[in-house]
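Notes to accompany the following structure.
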Amino acid sequence: ENNQWRNLVRSYLACTSFVDAQIGRITVALEEAGIADNTIIVIWGDHGWHLGEKDITGKNTLWDRSTRIPLVFAGPGITHGGRCQQPAELLDIYPTLIDLCNLPPRDDLEGLSLLPQLQDADQPRERPAITSHNQGNHAIRSQRWRYIRYADASEELYDMIADPNEWNNLASDPKMKDTIQQHAKWLPKIDQPPAPGSMHRVLTYEPSTDEAIWEGKTVKRNDPIPN
Numbered sequence: 014e015n016n017q018w019r020n021l022v023r024s025y026l027a028c029t030s031f032v033d034a035q036i037g038r039i040t041v042a043l044e045e046a047g048i049a050d051n052t053i054i055v056i057w058g059d060h061g062w063h064l065g066e067k068d069i070t071g072k073n074t075l076w077d078r079s080t081r082i083p084l085v086f087a088g089p090g091i092t093h094g095g096r097c098q099q100p101a102e103l104l105d106i107y108p109t110l111i112d113l114c115n116l117p118p119r120d121d122l123e124g125l126s127l128l129p130q131l132q133d134a135d136q137p138r139e140r141p142a143i144t145s146h147n148q149g150n151h152a153i154r155s156q157r158w159r160y161i162r163y164a165d166a167s168e169e170l171y172d173m174i175a176d177p178n179e180w181n182n183l184a185s186d187p188k189m190k191d192t193i194q195q196h197a198k199w200l201p202k203i204d205q206p207p208a209p210g211s212m213h214r215v216l217t218y219e220p221s222t223d224e225a226i227w228e229g230k231t232v233k234r235n236d237p238i239p240n
């Protein structure tokens with residue numbers, strides 16, 4: 014409505030190009046210093062970004078545009094040029110570095126080592142990837158499906174191969190019952206509330222009042238996001 018979408022996309026692409034150039038400077042510096050063969054590089058983002066998809070500009074969703082991020086590994090022990098289609102979590106970075114650095118293994122980490130996929134991009138993952146956004150809102154991502162359950166118990170299921178834009182919610186289709194159950198079993202068993210006094214944000218509204226809490230402020234569904 015305010016003709017800002019084109020500028021938004023341009024800014025997004027400019028940021029991406031700038032970061033790419035800086036990564037190039039780092040790799041050149043490592044080569045010139047003679048330590049490239051003894052350095053592991055990991056590049057990741059903390060979230061994705063909607064550029065108008067599903068009528069959203071920004072993040073704070075459990076859909077693909079907000080939860081899919083760049084995750085790139087380079088260095089010794091990593092097959093060059095591989096591109097893995099398996100889902101992953103940011104929790105996987107630490108156990109992966111443990112394996113790449115030949116450090117003692119640990120059994121108290123929630124993430125999975127990605128070393129099998131870094132050496133062979135076609136290696137399957139042991140379980141789906143899990144994303145949480147505030148208490149009670151979780152997404153389970155397998156290679157084909159994205160299953161979402163919100164704090165109000167509403168559900169979404171998308172076939173990410175046939176419907177990569179996530180337009181067709183299949184959660185109400187009786188034929189998808191088994192698929193939903195297979196993914197729902199991976200929902201977190203422990204779902205602690207936010208720490209008292211924390212400025213958390215919610216994705217869902219209380220049905221009886223149609224209100225939500227946004228960083229300590231009560232808002233109605235149609236209210237603007239508080240400053």
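Position in the sequence shown (first residue = 1) + 13 = this note's numbering.
Heads up, the beta-carbon is just placed ideally off N, CA and C, and yes, glycines get one too.
This one's a predicted model, so the numbers in the text were calculated from it and none came from an experiment.
{"Item": "Would you say His151 and Pro201 are within 9 Å of each other, going by their C-beta atoms?", "Value": "yes"}
{"Item": "Any idea if His93 is buried or exposed, counting beta-carbon neighbours within 10 angstroms, 16 or more meaning buried?", "Value": "exposed"}
{"Item": "Taking the beta strand (DSSP E) that Tyr171 belongs to, which residues open and close that run?", "Value": "168-172"}
{"Item": "Report yes or no: is there a C-beta of chain B within less than 9 Å of the C-beta of Pro220?", "Value": "Although the question refers to chain B, the structure presented lacks it and comprises just one protein chain."}
{"Item": "Return helix, strand or coil for His196, following the three-state DSSP convention.", "Value": "helix"}
{"Item": "By the 10 Å Cβ neighbour count, where 16 or more other Cβ atoms means buried, how is Glu179 classified, buried or exposed?", "Value": "buried"}
{"Item": "With which residues is Ala142 paired in a DSSP beta bridge?", "Value": "Arg154"}
{"Item": "With a cut-off of 8 Å on the beta carbons, I'd call Gln194 and Gln156 a contact; round off their distance for me.", "Value": "In fact, because the Cβ distance is near 18 Å, the residues do not count as touching under 8 Å."}
{"Item": "Measure from the alpha carbon of Gly65 to the alpha carbon of each residue in Val55, Asp77, Ile56, Trp57, then state which is nearest.", "Value": "Asp77"}
{"Item": "Compute the beta-carbon to beta-carbon distance between Arg38 and Gly61, rounded to the nearest angstrom, for a pair I have assumed lies under 8 Å.", "Value": "Incorrect: roughly 25 Å between the Cβ atoms, too far for contact."}
{"Item": "Roughly how far, in whole angstroms, is the beta-carbon of Gly149 from the beta-carbon of Asp204, given that I think they are within contact range, below 8 Å?", "Value": "6 Å"}
{"Item": "Using a Cβ-based criterion (distance less than 8 Å to any ligand heavy atom), does Ile161 qualify as near the ligand SAH?", "Value": "Absence of the ligand SAH from the depicted structure is noted, as is the absence of any ligand whatsoever, leaving it without description."}
{"Item": "Mind reading off the beta-carbon distance from Pro220 to Asp165? Whole number of angstroms is fine, and I expect it under 8 Å.", "Value": "6 Å"}
{"Item": "Just reading off the alpha helix (DSSP H) that Glu224 is part of, what are its end residues?", "Value": "Note, Glu224: premise wrong, no alpha helix (DSSP H); beta strand (DSSP E) at 224-227."}
{"Item": "Do you know offhand how far Pro129's Cα is from His63's?", "Value": "31 Å"}
{"Item": "Closer than 7 Å by C-beta to Glu139: which residues in its own chain qualify, once you throw out the five before and the five after it? Chain order, please.", "Value": "Leu125"}
{"Item": "Please state whether DSSP places Lys230 in a helix, a strand or coil.", "Value": "strand"}
{"Item": "Do Val55 and Phe86 come within 9 Å of each other at the CB atom, strictly closer than that value?", "Value": "yes"}
{"Item": "Is it buried or exposed, Pro89, if we count other Cβ atoms within 10 angstroms and call 16 or more buried?", "Value": "exposed"}
{"Item": "From Asp172 to Asn235, what distance separates their C-alpha atoms?", "Value": "30 Å"}
{"Item": "In the DSSP assignment, what are the bridge partners of His63?", "Value": "Gly71"}
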